[in-house]
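Encoded as structure tokens, the structure appears first; notes follow it.
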Amino acid sequence: MSEIVIRPPLTPEASYPAAEKRTMYFIGVTTHKSSIMKVFPKWAEYLGLGDVVMQGMNFAWHDKPEHYRKAVEFIRNDPLSLGALVTTHKLDLLHACRDQFDRLDPLAELLGEASSISKDTDGALVAHAKDPITSGLALEAMLPERYWEKTGSEVLVLGAGGSSIALTWYILQKSHGKNRPSRIVVTNRSLPRLEEIERFHQRIGADLPVEYHHTPTPEATDQILRSMRPGSLVANATGLGKDAPGSPLSDAAIFPERAIVWDFNYRGELVFLDQARAQQSTRQLQVEDGWIYFIHGWTRVIAEVFHIEIPTSGPRFDEISQIAASVR
Ligand SMILES: NC(=O)c1ccc[n+]([C@@H]2O[C@H](COP(=O)([O-])OP(=O)(O)OC[C@H]3O[C@@H](n4cnc5c(N)ncnc54)[C@H](OP(=O)(O)O)[C@@H]3O)[C@@H](O)[C@H]2O)c1
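Start counting the sequence shown at 195; every next residue gets the next number (our numbering).
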């Protein structure tokens, strides 16, 4: 039985100590509170990773570029530091550190975000964007078969950050054929990210109706929510409820009937999910947190960092999920 040791997170003001064991980092905002700190030792044992460490690195929301550069430089040069999973800072980090990577995978290049940092066998530092794949895996796990084709429903994504770019990329893929929503709506509290996601959709040749709404207040977001059809997917990709308090919606918001309400996070106050649960039976909502997304997100990056195969479904994946659930 492996021992669960939760190490205090590193912060960019202090100097980073050289890793004494093979170490994977978790770059986020409140990494010490994440379930991965308890789950990782169990997974490491199951996956046969040996004596390895998970170390958090906490950064402020939209931190200084030099702080991201310092962390990437450290991982790049420290032999036993193997890589990292990046959350919340995916866009900001790659923007600040692009030249520090030897290679970007095609999705990191396309999306301008890095959710995985790893080293090739020759030591080259590589940035991957895993969210386009992992958000899709999580979405498929919660949707009935060919949901969009059967219902003609819509998608509302609250927030226009890295994970919204990733999810909308997945949903827009032409390879889904007729199984795509009839409309996608994206909201954001400030304009730059909204303009960025619109440019991104143009660049990838988005061929579904997509709307972009600037929603500086919860009331403005409530109004957009009212325009969504029954059965819509309503995703909270703002980080509100975990990275910062509150919800992008007010308590007066009314969800569409039979909506699938998904918070990308599974921990924190998750006020958005409380708002949905208050209407769950009256409006027949399916309420989902970010747990499955968490499992797919972490397993894809662990596979990359430690150069191992981890399946995305089947009995071995189910076992990995059960191990995580047992220490959640
Ligand atoms: N379960 C999982 O495994 C998993 C996987 C991926 C992501 N996540 C979580 O999902 C959240 C989002 O991740 P991310 O990487 O996309 O973060 P991000 O790049 O920081 O994006 C968040 C976006 O939400 C916007 N926003 C904040 N408050 C808002 C509001 N009240 N109304 C509308 N928009 C608002 C922000 O706007 P500004 O531009 O104004 O700051 C920003 O564009 C994070 O908390 C992350 O931990 C979870």
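Built from N, CA and C at the ideal position, the CB exists for glycine as well.
In this structure the stretch 482-497 touches the stretch 321-333; the number of beta carbon pairs closer than 8 angstroms is three or more. Three or more Cβ pairs closer than 8 angstroms define a contact, and the stretch 265-272 falls short of that threshold against the stretch 355-373. Taking each of Val247, Leu434 and Gln474 in turn and checking the Cα distance to Ala278, the smallest one comes out for Val247. Pairwise C-beta distances place the stretch 438-447 in contact with the stretch 419-430, as three or more of them are shorter than 8 angstroms. DSSP, reduced to helix, strand and coil, places Ser312 within a strand of the structure shown.
Secondary structure of Arg263 (DSSP, three-state): helix. Setting aside the 5 residues that flank it on each side, Gln480 is surrounded in the same chain by Ile454, each with a C-beta closer than 6 angstroms to its C-beta; the list follows chain order.
Your pair Leu288 and Glu307 checks out as a contact, with CB atoms roughly 5 angstroms apart and the cut at 8 angstroms.
For Met248, the uninterrupted beta strand (DSSP E) run begins and ends at Val246 to Asn252, by DSSP.
Here DSSP, grouped into helix, strand and coil, assigns Arg216 to strand.
Taking 8 angstroms as the cut-off, the beta carbon of Trp456 is found no closer than this to the beta carbon of Leu434. Within the same chain, Tyr460 come within 7 angstroms of Trp485 by CB-CB distance, once the 5 residues on both sides are set aside. For Thr381, the pairing in a beta bridge is given by DSSP as Leu352 and His407. With respect to the C-alpha of Val521, the residue from Asp299, Pro235 and Ser384 having the closest C-alpha is Pro235. With respect to the C-alpha of Asn430, the residue from Ile514, Leu388 and Thr381 having the closest C-alpha is Thr381.
Per DSSP, reduced to three states, the secondary structure at Glu482 is strand. Met231 is positioned such that its CB atom lies no closer than 8 angstroms to that of Val499. Closest option to Phe295, judged by alpha-carbon separation, among Tyr262, Leu274 and Thr281: Tyr262. DSSP, read as helix, strand or coil, puts Ala321 in strand. Sequence-distant partners of Thr225 (beyond 5 residues in either direction) whose C-beta falls short of 7 angstroms from its own C-beta, in its chain, are Pro203, Gly250, Met251 and Asn252. In this structure, DSSP gives Ile365 a helical state, which the three-state scheme calls helix.
For Trp492, the secondary structure class from DSSP, reduced to helix, strand or coil, is helix. DSSP, reduced to helix, strand and coil, places Gly222 within a strand of the structure shown. When the Cα atoms are used, Ala321 and Cys291 turn out to be separated by approximately 10 angstroms.
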